[in-house]
Amino acid sequence: MSWGTELWDQFDNLEKHTQWGIDILEKYIKFVKERTEIELSYAKQLRNLSKKYQPKKNSKEEEEYKYTSCKAFISTLNEMNDYAGQHEVISENMASQIIVDLARYVQELKQERKSNFHDGRKAQQHIETCWKQLESSKRRFERDCKEADRAQQYFEKMDADINVTKADVEKARQQAQIRHQMAEDSKADYSSILQKFNHEQHEYYHTHIPNIFQKIQEMEERRIVRMGESMKTYAEVDRQVIPIIGKCLDGIVKAAESIDQKNDSQLVIEAYKSGFEPPGDIEFEDYTQPMKRTVSDNSLSNSRGEGKPDLKFGGKSKGKLWPFIKKNKSPKQQKEPLSHRFNEFMTSKPKIHCFRSLKRGLSLKLGATPEDFSNLPPEQRRKKLQQKVDELNKEIQKEMDQRDAITKMKDVYLKNPQMGDPASLDHKLAEVSQNIEKLRLETQKFEAWLAEVEGRLPARNEQARRQSGLYDSQNPPTVNNCAQDRESSPDGSYTEEQSQESEVKVLATDFDDEFDDEEPLPAIGTCKALYTFEGQNEGTISVVEGETLYVIEEDKGDGWTRIRRNEDEEGYVPTSYVEVCLDKNAKGAKTYI
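Here is the structure:
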């Protein structure tokens with residue numbers, strides 16, 4: 001099967017077919033190129049998708065990704081990023097192994113095709129030239145033969161005519177001979193050209209054209225084979241990344257299997273555990289007590305005398321400050337049934353009845369965080385302080401390493417003065433030592449706070465029980481002070497839930513009458529300011545380092561101590577900023593067992 005023998009007369013059709021084959025190859029190149037663009041676009045979209053859902057650094061969202069389910073999600077995003085990288089590899093390999101290679105081959109193919117068909121056209125032109133020569137010699141031979149016949153007829157006519165002279169007859173005879181000789185020459189020339197043309201034609205159809213068409217056939221077959229190889233490469237490029245893509249998918253499955261719901265539950269406990277204990281039982285309130293007044297006059301007077309302490313915090317509480325409750329000047333209202341007050345207690349919003357709770361609530365709203373994290377519950381505060389101590393220790397270690405490096409460099413300079421001046425490092429060494437000292441002081445401060453919190457947490461319940469016995473002997477069990485309200489809140493806002501319970505038990509009108517008679521709190525000890533504190537918020541007081549002041553209310557567990565400078569100037573300062581010395585004999589001072 002050869003195009004040279006089977007398609008010897010289809011030169012134009014072969015030219016069109018080979019051009020179509022090149023067009024098909026270019027179309028395939030364009031297809032692969034668009035595929036690479038799709039792969040790149042897909043990889044880019046996958047990377048953008050992975051980046052979009054990655055947690056932002058140094059944000060609250062990053063802290064939330066400590067759970068195993070979130071870690072698995074991060075692993076999925078990372079695997080998808082690697083998955084996108086494999087699609088980029090597909091695009092790169094297809095571009096280098098198919099597009100570039102085929103584009104170069106197409107240019108070579110066009111050149112080869114052009115050369116082959118140029119040789120074919122040249123052979124066609126040569127055979128056409130030979131054919132024209134043959135036709136020309138043939139026409140000349142035909143013309144000479146006709147001229148010889150006419151000359152012979154004219155000679156015969158002149159020879160038969162008796163009136164014609166002998167000279168004319170001789171002239172006609174010579175002319176006929178000349179014409180016969182010319183015809184013979186034309187015949188010989190025509191015969192020679194005809195033989196040459198037949199030879200050229202035989203060479204054209206049996207040698208030149210078959211060879212040219214054979215080259216064109218081989219060229220076309222190479223194009224077809226090359227296109228098939230490119231298609232195999234197209235599939236192999238995809239197949240090469242399948243194992244890596246499989247590993248990416250296996251990584252996603254492994255990340256999903258690493259999710260531990262129990263561990264996540266424990267992390268929730270660690271993140272939100274406050275360290276407080278649940279509130280105790282609410283004691284029964286006997287509202288039938290005033291009914292005994294109708295028994296006798298004595299019972300009426302006794303009930304008045306005995307009932308009032310139960311309703312008024314066990315007597316007048318001169319040692320409590322309630323600056324944010326306005327006095328109700330309206331007449332005393334009749335007591336409502338317990339069910340009405342209980343419904344009001346359940347539906348009313350939490351109220352802040354003391355300055356420290358209000359200040360902490362405002363600080364949380366404004367985003368301000370105390371340095372000692374006193375706005376947090378004990379357990380969360382301990383974790384934050386421990387984290388801060390660890391960070392400071394890392395910074396100290398870093399500075400110490402830097403100091404050691406500078407010291408070694410200084411020793412080198414001392415041994416080899418030509419390398420540098422040892423005195424030039426003294427300033428840097430002093431600066432690093434100063435930084436270390438500052439960090440150590442800062443660490444000691446936070447360690448003191450941490451020790452304070454850790455010292456309170458284990459013994460907190462036992463101490464509360466010991467103090468509750470002493471406190472109950474002085475006050476009725478129905479009263480909760482401001483500090484206890486703050487400690488009962490499980491979140492960092494310290495809402496006054498237990499104080500609302502006391503509202504159910506105490507009539508507002510009775511409390512307002514007592515608030516009018518409030519006296520300044522007595523001093524229960526002294527304190528010395530360890531640091532300077534700028535009391536810029538309402539209810540705080542500014543102190544200067546080394547200043548001595550009076551303590552009128554010690555820290556209730558929220559990190560604030562109430563002090564007084566004089567009769568008109570008092571407020572709260574952070575407990576960690578002062579050194580407190582309580583008078584054990586003073587009224588209101590706590591007794592520790």
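Here my numbering is used: the first residue of the sequence shown is 1, the next is one more, and so on.
Virtual Cβ for every residue (Gly too), placed ideally from N, Cα, C.
If only complete runs of 3 or more residues are kept, the segment 522-559 shows the beta strand (DSSP E) at 525-529 and 548-553, in order along the chain. Residues of the same chain with a CB within less than 6 Å of the CB of Cys130, apart from the 5 flanking positions on each side, are Phe197 and Glu200 in chain order. Residue pairing by DSSP leaves Glu34 without any beta bridge partner.
Counting of Cβ neighbours within 10 angstroms places Ser374 among the buried residues, the total reaching 16 or more. Residue range Glu569 to Pro574 is occupied by the beta strand (DSSP E) that includes Pro574, with no alpha helix (DSSP H) assigned at that position. Residue pairing by DSSP places Asn566 opposite Glu569 in a beta bridge.
Nearest neighbour of Arg223 by Cα position, chosen from Asp555, Gln536, Asp101 and Tyr531, turns out to be Asp101. Excluding sequence positions up to five before and after Trp3, its CB lies within less than 6 Å of the CB of Phe213 and Gln217, all in the same chain and listed in chain order.
A check of alpha carbon separations from Lys187 across Asp144, His17, Glu88 and Leu441 identifies Asp144 as the nearest. In the DSSP assignment, Glu285 falls outside any alpha helix (DSSP H), carrying neither H nor E. By the beta-carbon neighbour count (other beta carbons within 10 angstroms, threshold 16), Leu439 is buried. Cβ-Cβ distances below 6 Å link Ile252 to Thr76 and Glu79 in the same chain, with the five nearest sequence neighbours on each side left out; the list follows chain order. Less than 8 Å divides the Cβ of Ser91 from the Cβ of Leu40. Secondary structure of Val225 (DSSP, three-state): helix. Val543 and Phe533 have their C-alpha atoms roughly 5 Å apart. Phe73 and Ser274 have their C-alpha atoms some 29 Å from each other. One Cα belongs to Lys51, the other to Val237, and the distance between them is close to 27 Å.
Remark: C-beta atoms of Glu570 and Arg562 approach each other more closely than 8 Å. Distance between Leu441 and Gly455, taken at the CA atoms: about 21 Å. DSSP, read as helix, strand or coil, puts Thr369 in coil. Listed as beta-bridge partners of Glu579 by DSSP are Lys528.
Here Glu399 is buried. Its C-beta has 16 or more other C-beta atoms within 10 Å. For Arg226 and Leu49, the gap between their C-alpha atoms comes out near 39 Å. For Thr5, the secondary structure class from DSSP, reduced to helix, strand or coil, is helix.
Considering only Val389, Ile178 and Glu220, the residue with the shortest C-alpha distance to Glu112 is Glu220. Rounded to the nearest whole angstrom, the CA to CA distance from Gly546 to Gln54 is 50 Å.
Taking Pro378 as reference, the option from Ile436, Gly280, Met94 and Trp449 with the minimal CA-CA separation is Trp449. Within the same chain, and ignoring the five residues on either side of Glu447 in sequence, the residues whose Cβ sits closer than 7 Å to its Cβ are Val389. At a Cβ-Cβ threshold of 8 Å, Lys66 and Leu267 count as neighbours. With respect to the 8 Å criterion, Ile193 and Ser137 are classified as neighbours on the basis of their beta carbons.
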